[in-house]
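Colleague: Numbered per our numbering, the sequence shown finishes at 264, counting up by one with no gaps.
Note that the Cβ used here is the ideal one computed from N, Cα and C, for glycine as well.
Keep in mind that this is a model prediction, so the values were computed, not measured.
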Amino acid sequence: MGPQQGNHSDDRRNPGGQSPSADPGGLRTLLEVQEHDTALDRLRHRRQTLPERTALDQAGQQMAELAARWAEAEGRLAELSQGQAHVEADIASVGRRIVDIESRLYGGMVSASRELQAMAAEVQSLQRRRTDMEDRALEVMEQTEPVEAELVAIREERASMEVTTVRLEEAVAAAEAVIDAGAVEESSARAALAIQLPGELKLRYEALRKSLGGVGAAQLVNGCCQGCHLRLPAIEVDRIRHLPPGTVATCEQCDRILVY
């Protein structure tokens with residue numbers, strides 16, 4: 005049967021006043037192409053939203069958080085270590101000063117009573133100062149211990165997360181391989197069908213698919229368009245049912261090509 009013209013409502017949806025046409029089997033073929041396209045869209049969505057990929061993204065975020073915690077704790081430890089080094093340097097300096105004064109005090113180098121008393125007083129003052137600094141050094145050491153323990157815990161957690169990340173990467177790769185294999189099969193089957201479609205019908209279908217969320221053709225079931233799921237008026241359904249075989253009709257609600 006040769007190409008047929010649809011009604012004026014179909015002409016408005018197809019610039020130039022012509023409706024693409026196909027033999028009755030061609031419309032069924034178009035519906036099969038749509039089914040393969042829908043399957044491919046689902047596979048793409050599934051690939052993008054793999055639970056393993058979500059878990060991998062979360063693992064990456066946790067690794068970033070661990071890195072931030074490590075840097076912060078390492079900074080605190082460096083600050084404490086620097087403070088410890090300064091205190092220990094001061095303790096050593098005071099110790100040397102005490103040794104120097106005591107060597108003069110007890111070495112017979114000074115005989116004046118007043119000077120000896122002053123030197124003894126200075127030694128006592130320096131010893132008190134050294135005791136205070138040693139207490140401070142002990143406090144710093146006590147502050148350092150929990151930070152070092154925190155770094156050990158972070159290191160262990162990071163090592164565990166690295167193992168998890170590798171496992172998730174492998175799981176994502178395996179899931180993608182399965183999906184990609186399915187996509188190859190769907191694409192091959194689609195191509196074998198799409199080549200059978202008239203060029204004008206194929207172009208119109210692709211344009212509709214692009215503008216209507218991936219669905220350019222839908223079946224008419226019990227007067228309801230399976231693309232927009234809206235019921236057509238009974239008179240419109242009757243008109244479509246009585247179109248010459250091969251005439252391309254469209255849904256007056258969503259403009260999709262109807263397979264009837």
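#1: Relative to the alpha-carbon of Val219, which residue among Gly227, Leu172, Arg208, Asn226 has its alpha-carbon at the smallest distance?
#2: Taking C-alpha atoms, which residue in Gly30, Gln38, Arg46 lies nearest to Ala187?
#3: Below 6 Å CB to CB, which residues in the same chain sit around Ala195 once its five sequence neighbours on both sides are set aside?
#4: Could you tell me the distance, in whole angstroms, from the CA atom of Ala157 to the CA atom of Ala68?
#5: Can you look up Ile183 in the DSSP assignment and give me helix, strand or coil?
#6: Which partner residues does Ile261 have in the DSSP bridge list?
#7: Compute the distance between the beta-carbons of Leu130 and Val167, then report whether it is under 9 Å.
#8: Which ranges would you report for the alpha helix (DSSP H) in the region 56-125 if only whole runs of at least 4 residues count?
#9: Could you round the C-beta distance between Arg260 and Thr254 to whole angstroms and report it? I think they count as a contact, below 8 Å.
#10: Could you tell me the alpha carbon to alpha carbon distance between Ala124 and Gly111, rounded to whole angstroms?
#11: Sort out for me which residues DSSP pairs Cys228 with in a bridge.
#12: Report yes if the C-beta distance between Val263 and Arg32 is below 9 Å; otherwise report no.
#13: How would you write the range of the alpha helix (DSSP H) that Pro205 sits in, first residue to last?
#14: Specify the secondary structure class of Leu31 as computed by DSSP and reduced to three states.
#15: Assuming Leu155 and Ala77 are in contact, meaning their beta carbons sit under 8 Å apart, how far apart are those beta carbons, in whole angstroms?
#16: If distances are taken between C-alpha atoms only, which option among Ile239, Gln62, Ser191 comes closest to Gln38?
#17: Kindly indicate which three-state DSSP category Pro150 falls into: helix, strand or coil?
#18: Could you work out which residue in Gly250, Cys258, Ala177 is closest to Leu216 when comparing CA atoms only?
#19: Just checking my contact of Gly227 with Leu236 at CB under 8 Å: how many whole Å lie between their CB atoms?
#20: Assuming Leu54 and Ala193 form a contact by the criterion Cβ under 8 Å, report the distance between their Cβ atoms to the nearest whole angstrom.
Modeller: So, to answer that:
#1: To locate residue 219, count along the sequence shown from 1; it is residue 215. The option with the nearest alpha carbon to Val219 is Arg208.
#2: Here residue 187 is taken as the residue at index 183 of the sequence shown, counted from 1. Among Gly30, Gln38, Arg46, the Cα nearest to that of Ala187 belongs to Arg46.
#3: The sequence position of residue 195 within the sequence shown is 191, counting from 1. For Ala195, where only same-chain residues beyond five positions count, there are no Cβ hits under 6 Å.
#4: On the sequence shown, position 153 is the one that residue 157 refers to. On the sequence shown, position 64 is the one that residue 68 refers to. Cα-Cα distance, rounded: 16 Å.
#5: Translated into the one-based positions of the sequence shown, residue 183 becomes position 179. Helix, per DSSP.
#6: Taking the sequence shown and counting its residues from 1, the one referred to as residue 261 is at position 257. Per DSSP, the beta-bridge partners of Ile261 are Ala221, Thr254.
#7: Along the sequence shown, read from residue 1 onward, the residue named residue 130 stands at position 126. Along the sequence shown, read from residue 1 onward, the residue named residue 167 stands at position 163. No; because the gap between Cβ atoms is not below 9 Å, this pair is not in contact.
#8: The region 56-125 contains no whole alpha helix (DSSP H) run of 4 or more residues.
#9: Locating residue 260 in the sequence shown gives position 256, counting from the first residue. Locating residue 254 in the sequence shown gives position 250, counting from the first residue. With a contact defined as Cβ atoms closer than 8 Å, Arg260 and Thr254 qualify at about 6 Å.
#10: For this step, residue 124 is matched to residue 120 along the sequence shown. For this step, residue 111 is matched to residue 107 along the sequence shown. Rounded to whole angstroms, the gap between the alpha carbons of Ala124 and Gly111 is 13 Å.
#11: Position 224 of the sequence shown, counting from 1, holds the residue named residue 228. Val225, Arg235, per the DSSP bridge assignment.
#12: Translated into positions along the sequence shown, residue 263 becomes position 259. Translated into positions along the sequence shown, residue 32 becomes position 28. A contact, by the Cβ cut-off of 9 Å.
#13: Walking along the sequence shown from the start, residue 205 turns up at place 201. Residue 205 is actually Leu in this sequence, not Pro. It spans 203-215 - the alpha helix (DSSP H) in which Leu205 sits, taken as one unbroken run.
#14: To locate residue 31, count along the sequence shown from 1; it is residue 27. In the structure shown, Leu31 sits in a helix (DSSP, three-state: H, G or I).
#15: Position 151 of the sequence shown, counted from the first residue, corresponds to residue 155. Position 73 of the sequence shown, counted from the first residue, corresponds to residue 77. Right, their Cβ atoms sit about 5 Å apart.
#16: In the sequence shown, counting from the first residue as 1, residue 38 sits at position 34. Selected option, being the one with the closest Cα: Ser191.
#17: The residue you call residue 150 lines up with position 146 of the sequence shown. In the structure shown, Pro150 sits in a helix (DSSP, three-state: H, G or I).
#18: For this step, residue 216 is matched to residue 212 along the sequence shown. Here the closest residue by C-alpha is Cys258.
#19: The count along the sequence shown starts at 1 and reaches residue 227 at position 223. The count along the sequence shown starts at 1 and reaches residue 236 at position 232. The C-beta distance from Gly227 to Leu236 rounds to 6 Å, short enough to fall under 8 Å.
#20: Residue 54 sits at position 50 when you count from the first residue of the sequence shown. Residue 193 sits at position 189 when you count from the first residue of the sequence shown. Contact doesn't hold; Cβ gap of about 23 Å is too wide.
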